[in-house]
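I have placed the structure first, in the form of structure tokens, so that the comments after it can refer back to it.
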Amino acid sequence: MTVTTAMTATTKNHQDCGPMGYESSIPVPACLYENNAYPSRFRPRISKHNDVADKACWEACDDFENVTGLKLKADSVGCINPVSGNVNALWFPEAIPERLRIISYLSELLFRHDDLTDDAVTPEQFDEVHGPLARFLGSESKQSDHTTKHNAMNTMQARVAIEALEQDEGLGKLVIEKWKGIVSVRGQDAFMEHKTLDSYLHVRHYDAGAYSVWSQILFCCDVRLTDEELTGLEPLTWLAFTQMILWHDYCSWDKEAATYLEREEGGSNMSAVQVYMAMYSLDQHAAKDFLLSEIERIEDEYCTRKASYMAECSPAHHITHYIGLIEMCMAGNTLWHLSSRRYCPAAPLPRREDMGKVNLGPLDVSEVGMPVNGARSDSGILTPVSSRCGAERLRPFWNNQRTEYTTMTPAETSSDNTASGARDKLMDALDNWYRVPPETLATIRTIVRIMHNASLMLDDVHDNSPLRRGSPSAHIVFGTAQTINSAGYVTIKCVDLARRRLGDDALSCLLSELGQLHLGQSHDLAWTFHCRAPSMAGYYSHLEQKTGGLFRLAARMMRASATQNRHLDACGLMSLLGRLYQLRDDYQDITSETLSTYDDLDEGSFTLPLIHALEREDKHGGVQLRSILQSARAARSASAAASSDGARLPAETKLLVREILEEAGSLEYTRAVIRDLYDETRAALAALENEAGPGGKNWMLRLITFQLKM
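Quick note: to get our numbering, add 5 to the position in the sequence shown (first position is 1).
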């Protein structure tokens, strides 16, 4: 259908993207972009598989409602656009259909995430939305409370991540890595007052997902460029993605400004319009006009730089193809914003019965950027249906009064240096099965976190490790005796907390796993002290007692307090995960490119590669490796007698040990064991999912497991 416009036809000379060939896309009807409202010179194209993108987005909406208990409003709009097409089909018109489906689901999810952040009126509320997603993906964003809504978002993220990794592990990992940037922006950055456009764009290239777009292009279209090639293209890609960000700001300003101004308390309103208003003392209309001229200038600069690059570098075909894909992304982004109901009140709302269809009705593009009915409703994009309250963050169970201050200080200080988030992610994943009441789950998290901290304090004492995550270990600061006393005291406090808040079943789980932790540690201490390697079976048993113990503790306590799937026993899976986690750590420690690490050798700990090599050496009558370990033990003993911080092996000795392990086939043996264990762990997870019944797929646990793959 034709598109009506209040503007006269433009005289701009449009050009195709590229040079490149087209396989999966078709031209967009010229009537959609041959008007003055469309500022780009590039002709947009759309994927032949727009229906695939639409279906994925509707599925994401359904999943969002089902897992969060929140009802999307009838007029809420994400990726779907019945006029020009799904934004993903316009961004990535040459995408492989299955990969287009994955990215479309992800994009719809991120639109819903963006809607949640729009309701934030303080940096703390902004972080409350961003925190759980960023933590789950492994970024350093501030942690926040674990609520059902956040856990549901994590589940959907995990599903997309797994599907991307299974499609293409290399490019899938790249998408996930860049995806982190979108949710790693902190409230203080989102709410900061930008004095310059450069400052603003530095944040927006992360927050708006620009840094993730190029990775999605590579993934969707199965394009592979080297790091050197990508770096060489950065002057072009920066301009292209800047044009996309600024065009979004231009089209979304009126809607977002109305929402911002109607709130008495203000809120997050990051926009280049706002930056220009502040920089040049402009009203919003003049600032928008200025922004539009800047968008056109940036595209002109892009074309000039591209021409110079093509003439000077004569790039290979795969690079020019990638440049064409970027230009199609720019063009599609420009067209979609003009005709999406998200920003244009004249555009029709998406309807499920129109899935995959485009050009469904006339549209006056002169109204782009006008607020829908003046503003959004006060209640935002979501209407509660049946949500569970998030748990209030537990206060630390010590009160820092004079009677406890001395005892608690080592543990409190050490806790800042030990949190990697792995156990929190695991409990988030398990809660998809068990649905533990929020207050109860918060208590379990506290117990597991404190017990993990206490075990690491004792580990550092036993291994005489001077550092913990780059900071001095507790016993270096407070002394060995005080550190041991503090670790014992918080353990007692955890037992008391479990007794008071969780009941007898959870208390029994805690005491049982505490016993296993100490048994596992005792074996490790004995092997190190006597410089006597365990058998393979003995080492595996030790791993299940020690590393798997905290995993099992979390699962058992959650199961004891579960509101569903209480029949589901995850202990076997937790033991396998603990073993897999530790064996992978063993391997990575000894194969690190930095010889100054190899911490296991410095500590005298026996790992799977060492045990395998020693068994092989004994079988062939060799003594070299065992002699090195015994000499290292003697050096540690002398260092301890001299009250030193510990004796580290010389880099040359570490290199020799690694050569011995390689010659013995111990590293390859360890890799094979890890691969087999990974398969066994995935099979155990699949069995539990089947036992959980319909809806039992645990995407978060799948992702956690996949990330341990080698």
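Where is the CB? At the ideal position from N, CA and C, for every residue including glycine. On a predicted model such as this, the values are computed, not experimentally measured, just so you know.
Looking at the DSSP output, S30 sits in a beta bridge with S52. In this structure, the beta-carbon distance from T231 to I331 does not fall below 8 Å. Residue P98 holds the alpha-carbon nearest to the alpha-carbon of C334 among Y27, L77, P98. C514 places its beta carbon less than 8 Å from that of L558. About 11 Å separates the beta carbons of M563 and I452, which is beyond the 8 Å limit, so they are not a contact pair.
Between the beta-carbon of I679 and that of Y592 there is about 6 Å, and that keeps the pair under the 8 Å contact cut.
Taken through DSSP and simplified to helix, strand or coil, S476 comes out as strand. Restricting attention to P699, K430, V33, the CA atom closest to the CA of K362 is found in V33.
For L512, the enclosing alpha helix (DSSP H) begins and ends at 509 to 535. In this structure A336 touches F47 by the C-beta definition: roughly 4 Å separates them, less than 8 Å. For D681, the number of other beta carbons within 10 angstroms of its own is below 16, and it is reported as exposed. Around the C-beta of T686, 16 or more other C-beta atoms lie within 10 Å, and the residue is accordingly described as buried. If you draw a straight line from the Cα of L530 to the Cα of Y586, it is about 20 Å long. Between the stretch 458 to 471 and the stretch 485 to 497, the count of C-beta pairs closer than 8 Å reaches three or more; the two stretches touch.
In this structure the stretch 35 to 42 does not lie against the stretch 316 to 325, because fewer than three pairs of beta carbons, one per stretch, are closer than 8 Å. With 16 or more other CB atoms across the displayed protein chains lying within 10 angstroms of its CB, C499 is buried. Annotation: V495 to P477 spans about 20 Å, alpha carbon to alpha carbon. In this structure V278 is in contact with D254, their Cβ atoms being roughly 6 Å apart against a cut-off of 8 Å. Around the Cβ of C22, a 10 Å sphere holds 16 or more other Cβ atoms; the residue is buried. The alpha carbon of Y205 has as its nearest neighbour, out of L170, G237, T247, I181, the alpha carbon of T247.
Residue burial is scored here from C-beta neighbours: Y307 has at least 16 other C-beta atoms within 10 angstroms and is therefore classed as buried.
Y327 has its alpha-carbon roughly 8 Å from the corresponding atom of L223. Bounds of the beta strand (DSSP E) holding K76 are 75 to 77. In the assembly as shown, E103 is an exposed residue. Its beta-carbon has fewer than 16 other beta-carbons within 10 Å.
Just measuring C-alpha positions, the residue of A640, R440, N437 sitting nearest C536 is A640. The three-state reading of DSSP puts Q162 in helix, counting H, G and I together. Here the alpha carbons of S30 and R473 stand approximately 53 Å from one another.
Partner residues in a beta bridge of Q712, as assigned by DSSP, do not exist.
For M705 against D433, the beta-carbon gap comes to about 6 Å, under 8 Å, which counts as contact. The shortest CA-to-CA distance from H54 to any of D67, N40, V92 is the one to V92.
In this structure, the alpha-carbon of R106 lies about 19 Å from that of N159. For F47, DSSP records a beta bridge to Q20. DSSP, read as helix, strand or coil, puts I481 in helix. For E299, the enclosing alpha helix (DSSP H) begins and ends at 289 to 318. In this chain, the alpha helix (DSSP H) harbouring V678 covers 671 to 697.
Scanning its chain for C-beta atoms nearer than 7 Å, with the 5 sequence neighbours on each side dropped, one finds around P240 the residues R310, in chain order.
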